Amino acid sequence: MAERTYLVTGGAGYVGSHLVLALVERGDRVVVLDDLRQGHRGALPPAGAELVQADIADRRKLEEVFAAWRFEAVFHFAALSLVGESMREPLRYCAENLSNSLRLAEAAVKAGCLRFVLSSTAALFGNPKRTPIDETADLAPTSAYGESKLMVERGLSWAEGAHGLRSACLRYFNAAGADPQGRIGEDHEPETHLIPLAICAALGTRPPLTVFGAAYPTPDGTCVRDYVHVTDLADAHLRVLARLDHGSCRYNVGSGTGYSVREVIAAVERIGGRPVPHHFGERRAGDPAVLVASSQRLRDDTGWSPRLGALDEIVRTAWAWHASHPRGFDDRSKA
Ligand code: UDP
């Protein structure tokens, strides 16, 4: 069978690189478009993925890429994605995320590639009225980051009627964990996510963790989130591809189970066998008390289920990665 080729923007980043690995492992060819501002060359597999190092805002480069390959589908990860930063620079977030994404979609349509998978976010839902959150929940982002992704989703919806572009938008809850074989993991700078910060505090490679608020209306007073293993997330991307044959789709992707910040700290201590140095601080602006996904639609339509979903498995794989890469991907390139 002829090899299939996929374009993955932001494929050297955290979630993107786990998808690239999954595609390459099943025998597909991948072209990664990444400017390596956030991504890492070391996050790409040694064979099967070609890196085009460029900014997706570079229109000429986009045209070159679509002229050089014929893609089965586009997976679009490259985006500004820090909620806090988006509140300080809302115009940049909305403008860049929207224009880069829609230009990419336009280039795909022009080249006759009519399947598009967007890395979207639970931030579309803001402060949800009920939990778990399914796809019928109100779309009411409370950050410019969430708003920018909502605008992209809407733009893609318009493109289906006009151009036949079929899009799958996956609203991730809390992506976490690392490749179970330890080849790649999470390496953000700045790092803002709970699990890597708790692990690195325990390992002594980052300062003690500040827990943002202990008086939320939750059983132990700390925020509850739905952590989904990054390898399960990658699997969701592969599964929705087939679904696109039936038209565009929107899915919430989470494990369906919520864990509090205190429960995450306890899991890290249990698995790492060391205390997580931490203290309690102020709430972080914009943090809802509870965010838990219903992924029933994704399960029903694609047969997806979170195989590495348990919190301990997420923490175990993340711990293994951080313990073996105390300086992230730098270690690997220096090795
Ligand atoms: N959190 C925390 N301290 C930190 C980072 C995060 O207490 O240094 C909490 C945060 O308030 C939230 C949860 O951990 O309730 C998960 O936050 P993260 O930034 O990992 O993901 P988010 O839910 O914001 O997407």
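In terms of numbering that gives the first Met the number 0, the sequence shown opens at residue 0 and continues consecutively. We put the CB at the ideal spot given by N, CA and C, even for glycine. Everything numeric in this text was worked out from a predicted model, so none of it was measured.
Taking C-beta atoms as the reference points, proline 305 and serine 259 fail to come closer than 8 Å. Ordered along the chain, residues surrounding the ligand UDP are Asn173, Thr191, His192, Leu193, Leu196, Leu208, Thr209, Val210, Phe211, Cys222, Arg224, Val260, Arg283, Asp286 [Cβ under 6 Å from any heavy atom].
Just so you know, the alpha carbons of alanine 121 and glutamate 62 end up roughly 31 Å apart. For the 8 Å CB-CB criterion, arginine 224 and glycine 181 do not form a contact.
Look at the region 91-168 and you find these whole runs of beta strand (DSSP E), each 3 residues long or longer: 114-120. Counting only runs of at least 3 residues, the region 159-234 fully encloses the following beta strand (DSSP E) elements, listed from N- to C-terminal order: 165-171, 173-175, 208-211, 226-228. Distance between glycine 271 and arginine 205, taken at the CA atoms: about 15 Å.
Excluding the 5 residues flanking it on each side, glycine 212 has same chain C-beta neighbours closer than 6 Å at Arg282, in chain order.
Under the rule that a run must span 4 or more residues, the alpha helix (DSSP H) segments found entirely inside the region 226-280 read 229-242, 260-271. Inclusion of histidine 17 and isoleucine 183 in the CB contact set at 8 Å is warranted, their separation being smaller than that value. Remark: fewer than three beta-carbon pairs, one from each stretch, lie closer than 8 Å, so the region 142-149 and the region 227-243 are not flagged as touching. For valine 30, the enclosing beta strand (DSSP E) stretches over residues 28-32. Between the region 11-28 and the region 37-56 there are three or more inter-stretch CB-CB distances shorter than 8 Å, so the stretches are counted as touching. Beyond the five residues adjoining it in sequence on each side, aspartate 299 comes within less than 6 Å, by CB distance, of no other residue in the same chain. If the five residues before and after arginine 28 are omitted, its C-beta is found closer than 6 Å to the C-beta atoms of Glu2, Thr4, all from its own chain and listed in chain order. Counted as a single uninterrupted DSSP element, the beta strand (DSSP E) harbouring valine 73 occupies residues 72-75. Less than 8 Å separates the beta-carbon of arginine 165 from that of serine 247. The criterion of a C-beta distance shorter than 8 Å is not satisfied by alanine 317 and alanine 104.
With contacts defined as CB atoms closer than 8 Å, glutamate 152 and leucine 113 fail to qualify as a contacting pair.
The beta carbon of glycine 26 sits closer than 8 Å to those of Glu2, all from its chain and outside the five residues before and after it, given in chain order. For alanine 48, the enclosing beta strand (DSSP E) starts and ends at 48-51. Taking the CA atoms as reference points, leucine 193 sits about 38 Å from valine 108. Taking a C-beta distance under 8 Å as the contact criterion, valine 23 and alanine 48 qualify as a contact pair.
The beta carbon of proline 216 lies closer than 6 Å to those of Ala288 in the same chain, with the five residues before and after it left out. Cβ atoms of serine 98 and tyrosine 92 stay farther apart than 8 Å, at about 11 Å.
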